[in-house]
Structure formats: C-alpha cells, structure tokens
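As they're listed, the protein sequences go chains C and A.
Just so you know, we're using the UniProt record's numbering here: the first sequence kicks off at 1 and counts up by one.
Just so you know, we're using the UniProt record's numbering here: the second sequence kicks off at 1 and counts up by one.
Think of the CB as a built atom: it goes at the ideal place given N, C-alpha and C, for glycine as much as any other residue.
A quick write-up on the structure given underneath.
Protein chains: 2
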Amino acid sequence: MNDALKATLVAALKSWIESANDPASDFPIQNLPFGIFSDAINAQPRAGVAIGDWIVDLSVLEDARLIDGHGTFNATRLNDFIALGQQTWRDVRIALSALLAQGNATLRDDADLRRRALVPRKDATMHLPVEIPGYTDFYSSREHATNVGSMFRDPKNALLPNWSELPVGYNGRASSVVVSGTKVRRPNGQIKLPNDERPVFSACRKLDIELETGFIVGKGNALGEPIPCEDAEAHIFGMVLLNDWSARDIQQWEYVPLGPFNSKGFATTISPWIITLDALEPFRTATPAQEPQPLAYLRHEGDHAFDIELEVTLRPEGAQRATTISRTNFRLMYWSMAQQLAHHTVGGCNTRVGDLMGSGTISGPTPDSCGSLLESTWNGQRPIELEEGGERAFLLDGDEITLRGWCQGEGYRVGFGECAGEILPARG
Amino acid sequence: MNDALKATLVAALKSWIESANDPASDFPIQNLPFGIFSDAINAQPRAGVAIGDWIVDLSVLEDARLIDGHGTFNATRLNDFIALGQQTWRDVRIALSALLAQGNATLRDDADLRRRALVPRKDATMHLPVEIPGYTDFYSSREHATNVGSMFRDPKNALLPNWSELPVGYNGRASSVVVSGTKVRRPNGQIKLPNDERPVFSACRKLDIELETGFIVGKGNALGEPIPCEDAEAHIFGMVLLNDWSARDIQQWEYVPLGPFNSKGFATTISPWIITLDALEPFRTATPAQEPQPLAYLRHEGDHAFDIELEVTLRPEGAQRATTISRTNFRLMYWSMAQQLAHHTVGGCNTRVGDLMGSGTISGPTPDSCGSLLESTWNGQRPIELEEGGERAFLLDGDEITLRGWCQGEGYRVGFGECAGEILPARG
Numbered sequence: 001m002n003d004a005l006k007a008t009l010v011a012a013l014k015s016w017i018e019s020a021n022d023p024a025s026d027f028p029i030q031n032l033p034f035g036i037f038s039d040a041i042n043a044q045p046r047a048g049v050a051i052g053d054w055i056v057d058l059s060v061l062e063d064a065r066l067i068d069g070h071g072t073f074n075a076t077r078l079n080d081f082i083a084l085g086q087q088t089w090r091d092v093r094i095a096l097s098a099l100l101a102q103g104n105a106t107l108r109d110d111a112d113l114r115r116r117a118l119v120p121r122k123d124a125t126m127h128l129p130v131e132i133p134g135y136t137d138f139y140s141s142r143e144h145a146t147n148v149g150s151m152f153r154d155p156k157n158a159l160l161p162n163w164s165e166l167p168v169g170y171n172g173r174a175s176s177v178v179v180s181g182t183k184v185r186r187p188n189g190q191i192k193l194p195n196d197e198r199p200v201f202s203a204c205r206k207l208d209i210e211l212e213t214g215f216i217v218g219k220g221n222a223l224g225e226p227i228p229c230e231d232a233e234a235h236i237f238g239m240v241l242l243n244d245w246s247a248r249d250i251q252q253w254e255y256v257p258l259g260p261f262n263s264k265g266f267a268t269t270i271s272p273w274i275i276t277l278d279a280l281e282p283f284r285t286a287t288p289a290q291e292p293q294p295l296a297y298l299r300h301e302g303d304h305a306f307d308i309e310l311e312v313t314l315r316p317e318g319a320q321r322a323t324t325i326s327r328t329n330f331r332l333m334y335w336s337m338a339q340q341l342a343h344h345t346v347g348g349c350n351t352r353v354g355d356l357m358g359s360g361t362i363s364g365p366t367p368d369s370c371g372s373l374l375e376s377t378w379n380g381q382r383p384i385e386l387e388e389g390g391e392r393a394f395l396l397d398g399d400e401i402t403l404r405g406w407c408q409g410e411g412y413r414v415g416f417g418e419c420a421g422e423i424l425p426a427r428g
Numbered sequence: 001m002n003d004a005l006k007a008t009l010v011a012a013l014k015s016w017i018e019s020a021n022d023p024a025s026d027f028p029i030q031n032l033p034f035g036i037f038s039d040a041i042n043a044q045p046r047a048g049v050a051i052g053d054w055i056v057d058l059s060v061l062e063d064a065r066l067i068d069g070h071g072t073f074n075a076t077r078l079n080d081f082i083a084l085g086q087q088t089w090r091d092v093r094i095a096l097s098a099l100l101a102q103g104n105a106t107l108r109d110d111a112d113l114r115r116r117a118l119v120p121r122k123d124a125t126m127h128l129p130v131e132i133p134g135y136t137d138f139y140s141s142r143e144h145a146t147n148v149g150s151m152f153r154d155p156k157n158a159l160l161p162n163w164s165e166l167p168v169g170y171n172g173r174a175s176s177v178v179v180s181g182t183k184v185r186r187p188n189g190q191i192k193l194p195n196d197e198r199p200v201f202s203a204c205r206k207l208d209i210e211l212e213t214g215f216i217v218g219k220g221n222a223l224g225e226p227i228p229c230e231d232a233e234a235h236i237f238g239m240v241l242l243n244d245w246s247a248r249d250i251q252q253w254e255y256v257p258l259g260p261f262n263s264k265g266f267a268t269t270i271s272p273w274i275i276t277l278d279a280l281e282p283f284r285t286a287t288p289a290q291e292p293q294p295l296a297y298l299r300h301e302g303d304h305a306f307d308i309e310l311e312v313t314l315r316p317e318g319a320q321r322a323t324t325i326s327r328t329n330f331r332l333m334y335w336s337m338a339q340q341l342a343h344h345t346v347g348g349c350n351t352r353v354g355d356l357m358g359s360g361t362i363s364g365p366t367p368d369s370c371g372s373l374l375e376s377t378w379n380g381q382r383p384i385e386l387e388e389g390g391e392r393a394f395l396l397d398g399d400e401i402t403l404r405g406w407c408q409g410e411g412y413r414v415g416f417g418e419c420a421g422e423i424l425p426a427r428g
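Structure, rendered in structure tokens:
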C-alpha cells in the first residue's frame, strides 16, 4: 500500500463515539493515547485510553476479555504494561481501534459494559502516567541553543563547537516531574544581582517556561549495551508535552560548571496522555539537514522528525482570555529522538522503562515561535503584550501556562491534550 | 555524660563474635552497617548487618522475634526498612548491639538460631543496598574544584564565583549506579583531539576515578517543602563509599554548557554496606572554616564533618600487590552533607528515601591526597609509579581500583569495607 492510500484510509476511520469524530478533538480513533486516571465513582488510579470526550477503562475491557494487558491495567502507573513490549502495545491499540470503530457493536450495544467501561473525561482526574526512573533533558533546537548562547555567553560564538556534533543533554531531576494541572510554586534560591558583590536569597524574579516534548522509553537497554540509532525508535513507547519550568536568575548564577540544578529541579510538568509512535506515524517527516554529517553512530536512514504543531498560551489570574505567546513545530528539531537515545546509550549507559527524555526547548526562527520567555522577550527587554492588557517579561504569580500540541491530518487531528500549570507565590 | 566518657564506653564495647574485636576489622560492634546479601544456601537477596567476618541475617532474627523490622527485611532492597524512620533504625541497631555484645547469651548460646542467622561474609554476594530514585553529585572539595578549574579553565580564576557561596551539584544518572565488585566497561564516545577539526568516535583514553563518599536519604521531603539545614542530618540514613568513574576526554568535549553526561553515565560504583550516622557519631568534627559566611539557609551550629580516613589503591591485571595512589580524609570537605541537602531542597525540589548524594571528589592539598588521577597526574603529565613497576597516567584495561574508608577509634575502627571495580576493555 502506498503512503497516500494509507493516509486516506487512516483519515476515513470513524468511531461510534461521536465526540471522537469532531475534527477539533485531540482524541479521535486515530490517536488512542494511554494514561492513568481516576474518578469520583472509582478513586483507584488505573489505565485508560482517551477517545473523544471519554476515557476507556482498560481494566474493565480486560475483565470482559476484549483486550489483553496481562493484568497490568489495574495499576497506578503504566510501567508494567509498557514493559510487556511493543507487540502488546500494538495488539491492545488495534483491538481498541476495532472495538471503537463505527459499525462495531460489541461494546457499543452492550449498555452495561459501556456504562462501566466509559468514563467522561471531564469527570476524571489524571495522574502521572509512568513512574520515571530517570529524566534526561536534551538541548536539540539549534535556534534555542543559539539564542541562549547569544544572551548568556557570546553572540559571535553562540553555538558551542560540540553542539552540531552530538545531541547535548544532561540529567534532570525525576522526583519533581508532575502531571498537568499541578500548581507550581515559585522557587526561592540564590540570585546574583549585577551590582552586588554577593548573591542574595530571594524568590525567583525571572520565572520562565520551556516548551518541550518528551518521549517515554518503552524498552530499556542493559548496562554496557548501547542502542543503535537505527533501532532506537523501537525503544520508544510514545510522546508527551513537557514544560521544563526554569528560574533564569537562579540558573545564570548556579549553572557553571556542572549545569542547571535548582533552577530546574523545583518542577517539570508533563501532559497526562502518552501519544504512541504508531499514532504519530502518519506525521513522520524529514529532520532538518545535518551539516556536518554526524559520526556513524548517530546516522539513520529515512525520516525521523514528526510534524507536531505546538502552541503556548498564558492566562493571567482572573483573566477571561489566554494570550498565545508561542507557535512552533517539533519538526524543526535538529537532533531526532532516535539520535538522542543512541547518543545517551553509546557509552554504555542503561535506560529503563518509563525513562523520560525531554527534547529541549523547541524554538523557531522568530520571537513569536520561541519556546521560552527568555528568548521571546530577549531576557525581559522586550515584554510580550497580553490580550486583556498588561505585558509579561517573565511569569507572575497566578499566571497559568498551557502547552498544546497536535498533528493535523485530513479532517482529524492527533492531539496531545494540554500540559498546564499555574504559578503559586513563593514560600514566605 | 561528657564526650570523653562516652568515647571510652563506646571503645570498650566488645562482641562475643571474636572477629569483630580485631582492631583491624571494619565491622566491630560499634559499626553494624546495613546491606543486602545472598548466599549459596539462600539465593534470595535479603537484609543483613555486618559484624566481624559475619553477616547477621535480619529476617531470621525478626522471625525469632528478637528485632522488629515490620516485615521489611525479607526484601531485595533496604528502602522499605529505611522508610520506617529513624526511630526504627535506632531501635534495630540498639537491639542488635545488645544481642551481639559480650555476655549476651540469647543468640550466642542458641546453636540452631546462630547457624541460621549468621552467614560468613566470605560466602556472601553483596547487592545494591537500595533502589536509588535519584542520584545527585556535589562538588564540595575546594582543592578538587581548584585543581579542575586550573586545568580545564583558567588557573588564575580556578574557583568560579558561585563555588564559595553554594554547594555546587548536578543530577547524575541513577540507572548505572552499581555495587562494589561489578566490572566496569571502558566507554566509547566522542573525543576531540587537539589537532583534529572534528571529534572522533573512540574508546575513552583518559579513564579516571573519583574518590567520593555518598549519603543515602532516609527521610524525603515533599515537593515545595525545603529541608532546613539544622534538620538535614535527621534525613540521612547513612553513608557509603562512591567511585564516580569518569571519562575525562569525553567529559572535556561534552560538558559545556550543561555539565557532564556520557562521561559519567556509564557507571558509578558504591560500597555495599551503609554506615549509619549513629555509628559515625563519635567521629564528628568541625568542617573547615567557611569564608564568606554562607547565606542564612546554609548555616548550622556545631560540628558537621566526620573524620573518615580514605584510601585508593590500584592493582594492575595479574599484579600481586596494589599501589596506594591516594590518601585523604572526608573532614576536608568544605560543604557539609547537611548543607548539601538544604541547598538541594531550598527551591522546593523533593527528595525520596534511597536518594544517593555524592560528596564530589575528595582531594587534599598534595598530589598524593588527590581523589582523581586527573589531579594527581596533572592530566596525565606526571604519571604515578606503581609498586611492581610501570606507571599510570589514566586507567588501563584490567586495572582494579579499590576505595577504602574508616574512622579510627581507640582500639577499633568503624570501617566502610571496600568499593572496588575492575576495568573491562571497551566494546569493539
């Protein structure tokens, strides 16, 4: 089957759940992302799949012998399910696709089962979808690295020599990764003001976002056994949106020589639904040309970017409307997820199911496509005007930031849902 | 009771296990460190305490109702036991101390129980003692930071301005922390040779050690709730030796601007026995004077260093004798463990039971007290002579590195045992 025919067939899929057929829904039958939810009727967190305005309770469908998750769905995290392997993820997704497809009566016409298996999304509480054994953050947008290098170091040599040779990354703090909706407290810390000899202890004055995506490792590797670049995508379960909240003033003082620490460790927010690579497959596209050609261990044939539209909005406390402060696309990223994973493991480092790997801030070439306020306001010098008046250099208490992402198909979109967080004032 | 009297009483303690009374034993009755072991008779890893040449099987003593671990001893990691809290650790340690003390017949004269509860250490396999949710590495030796800054940056401004204001730290890779005795494979990676325009892919040519200690978090903190410096020691379960293996050539090329990554992520070795802070208490001493006085959140009254002698030996493949390549002391560290933990959490970052926090390389003021070959050989320029001939700039395949540490009491020592690893050749 050629790609055009395949795309037409995928686009033609419809569900008997009407809200899933809305072209604006993030969760059509083409998506079927995995998450962990609970609700008022059953407060026990468990595995679900989003479809239109509903969540399918996977443990209920397994009890009814309609899907097979080897008993892993009645769990507070997806790790045990993910550890079953790619074939199982695919089998479950294909079985769900069939059950939810227009014309399939099995679930649709079983009123009792339907009542137990379908939970309204608006009534559900979403939880962190995976236990994260390790969180790594990359730095793979050329535009972002150039902007930051220009501001913090030297505009003439903004991109450091290693940047175009390897996907620069560092270890983040896994303990403070939280799910969308968790409020984020402004951190206190050491800040060095330009005219003072010594640092002061202060609430962060330059609180910022970083628009990122992240991927979840679906199959780890043993210590000492690298993942080849060509195999790397088979080790990825799926993707989420990620906001790597950043305290720029704390960061600038602390980050030499060992990298960011407290400026990032207070919170990282991810979206609750993991979009599988299978759902993203129709949106595969070419990465930007890489010059110089990477060393052999970082080479892969074919297309390894994904065409994911990204948007960031800011809503001040009490405001009716949010202001869009960034629009960009994941396909601009210089280094692919496969290259990131191959590089991460090339020295023998092991990865584990549930590991989270952030893309790094995703910035385009213009101020309105930057993934951080640091860049779009040029370190606060050019504040952004808000729709209901006022402006922002960095975040104020009460601001709510929401990341959204979606792949636009013909008449449908594979969406990521929201990755949101509101700023609480610093501890007194 | 005054300190001198207390010290005399502690020193006078003896056990009916004769090997524990050897002044050269690391594991007298004054120590009683916790670990996870298995043996040929029972291959199931479980909790134990070292005493002389023996290991006390804690689950056997709990079954006999002689100690109370709330059912946590029959586990492959100590996390559940540690999570019971400081009072429980102390109660168990005090009960063991009584059971093992000279004159106590309960265990000594119960031949059947003794046979089941005591396992010869030489017959045991030690395992990683805790599941490590997060691994943080600090950089708290002034001498080490000065040496590295001189070599990698500028000798005139070796110590960066933030160093004397805060305990610089970064997130390490928890997945590749291994227990002493695990062989370590030389990593491959990108190396930038001075006369080449581009990096090459190569086995590491400057493989090094870092002599460190680490502490294990015994009580975490919730997100957004910092641990005050004065309370921080109550959050520490105990200490281990730690070798932060480092690929210097990979490090020098990759580390800007986000810190070390693949140069450290291939392996970190820790010793198997966790020495409790209670066992270390008699060896508490003053930290070096801190100038300037730290900001208020980093201040604590009293003594917060520990007098721990440290030693590193190198034994080439096939050699009879190992060469001592470093002798130093933990008490030289500029920043205390309490200050490290207070700083780590001051912005709200949460910690969890089992988190590992490395001290950073422990170096003294002279080449023979440096905690890394990078420093003692000055980046390979002044190789160390080995006892059986030959010399070392950096590690060769087959080299075995062993760290040892102990607190010297009057007629006894509280020892850490060994933290050892042998270098395997790189993957072809």
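Worksheet item: Cβ of C/Ser-180 within 9 Å of Cβ of C/Ser-372?
Response: no
Discussion item. Quick test of the definition: if touching needs 3 or more C-beta pairs under 8 Å, does the stretch 320-339 of chain C touch the stretch 105-121 of chain C?
Written reply: no
Worksheet item: Would you say the stretch 346-355 of chain C touches the stretch 212-219 of chain C, given that touching needs at least three Cβ pairs under 8 Å?
Response: yes
Worksheet item: Can you check whether the CB of C/Tyr-170 is closer than 9 Å to the CB of C/Gly-259?
Response: yes
Worksheet item: Got a sec: which bits of the stretch 406-424 of chain A sit with their beta carbon under 7 Å from any beta carbon on chain C, in order along the chain?
Response: none
Fill in: chain C contact residues for A/Leu-78, given Cβ-Cβ distances below 8 Å
Ordered by position in chain C, no residue passes the 8 Å Cβ test against A/Leu-78, which lies about 18 Å from the chain.
Worksheet entry | Residue span of the beta strand (DSSP E) that contains A/Arg-327, given as start and end | 323-329
Worksheet item: With burial defined as no fewer than 16 other Cβ atoms inside 10 Å of the residue's Cβ, what is the status of A/Val-168: buried or exposed?
Response: buried
Item to complete: List the residues of chain A whose Cβ lies closer than 8 Å to the Cβ of C/Cys-349, in chain order.
Response: Arg-173, Ser-175, Ser-176, Asn-262, Gly-265 and Phe-266
Item to complete: Report the rounded CA-to-CA distance for A/His-70 versus A/Phe-237, giving the unit in angstroms.
Response: 17 Å
Worksheet item: Beta-carbon of A/Cys-204 versus every beta-carbon of chain C: anything under 9 Å?
Response: yes
Worksheet item: Does the stretch 306-320 of chain C touch the stretch 398-406 of chain C, meaning 3 or more C-beta pairs lie closer than 8 Å?
Response: yes
Discussion item. Would residue 480 of chain A and A/Val-184 qualify as a contact pair, given that the criterion is a beta-carbon distance under 9 Å?
Written reply: The displayed coordinates of chain A run from 1 to 428. Any statement about residue 480 of chain A would go beyond what the structure contains.
Practice prompt. From the DSSP output, in three-state form, read off A/Ala-420 for me.
Written response: strand
Worksheet item: In three-state terms, what does DSSP make of A/Ile-250?
Response: helix
Item to complete: Kindly give me the distance between the Cβ atoms of A/Gly-149 and A/Leu-159, rounded to whole angstroms, as I take these residues to be in contact under 8 Å.
Response: 6 Å
Worksheet entry | Rounded separation between C/Gly-409 and C/Phe-27 - CA only | 12 Å
Practice prompt. Please confirm if C/Glu-400 has its CB atom under 9 Å from at least one CB of chain E.
Written response: Although the question refers to chain E, the structure presented lacks it and instead comprises the protein chains C and A.
Worksheet item: If you draw a straight line from the alpha carbon of A/Gly-415 to that of A/Ala-426, how long is it in whole angstroms?
Response: 33 Å
Discussion item. By the three-class DSSP mapping on this structure, what secondary structure does A/Gly-405 have?
Written reply: strand
Fill in: Outcome for C/Leu-341 when other beta-carbon atoms lying within 10 angstroms are tallied against a minimum of 16
buried
Worksheet entry | Residue range of the alpha helix (DSSP H) that includes A/Ile-82 | 79-82
Practice prompt. Closer than 9 Å by beta-carbon distance: list the chain C residues that pair up with A/Trp-335, in chain order.
Written response: Under the 9 Å cutoff, chain C gives no residues; its nearest Cβ is about 13 Å from A/Trp-335.
Discussion item. Any C-beta of chain A within less than 8 Å: which residues of the stretch 176-198 of chain C qualify?
Written reply: Ser-176, Val-178, Arg-185, Pro-187, Asn-188, Gly-189, Gln-190, Lys-192 and Arg-198
Practice prompt. Please state if the CB of A/Gly-35 and the CB of A/Pro-129 are separated by a distance shorter than 9 Å.
Written response: yes
Worksheet item: Taking C-beta to C-beta, are C/Gly-265 and A/Ala-267 nearer than 9 Å?
Response: no
Practice prompt. Would you please verify whether the beta carbon of C/Glu-165 is less than 9 Å from any beta carbon of chain A?
Written response: yes
Worksheet entry | Cβ pair A/Pro-33, A/Thr-276 closer than 9 Å | yes
Worksheet item: Are the C-beta atoms of C/Phe-152 and some chain A residue less than 9 Å apart?
Response: yes
Worksheet item: Any Cβ of chain A within less than 9 Å of the Cβ of C/Ala-338?
Response: no
Fill in: Candidates A/Ile-55, A/Met-126 and A/Phe-306, of which the one nearest residue 469 of chain A by Cα
Lying outside 1 to 428, the shown extent of chain A, residue 469 of chain A is not represented and no answer is given.
Fill in: Residue environment, A/Gly-220, which counts as buried when at least 16 other CB atoms sit within 10 Å
buried
Worksheet item: Taking C/Arg-114 as the reference, which of C/His-304, C/Pro-367 and C/Val-60 has the closest Cα?
Response: C/Val-60
Discussion item. Give me, in chain order, the residues of the same chain whose beta-carbon lies closer than 8 Å to that of residue 430 of chain C; leave out the 5 immediate sequence neighbours on both sides.
Written reply: In this structure chain C extends from 1 to 428, so residue 430 of chain C is not present and cannot be described.
Worksheet item: Which term fits A/Asp-368, buried or exposed, when burial requires 16 or more other beta carbons within 10 angstroms of its beta carbon?
Response: exposed
Discussion item. Does A/His-70 come out as helix, strand or coil in the three-state DSSP assignment?
Written reply: coil
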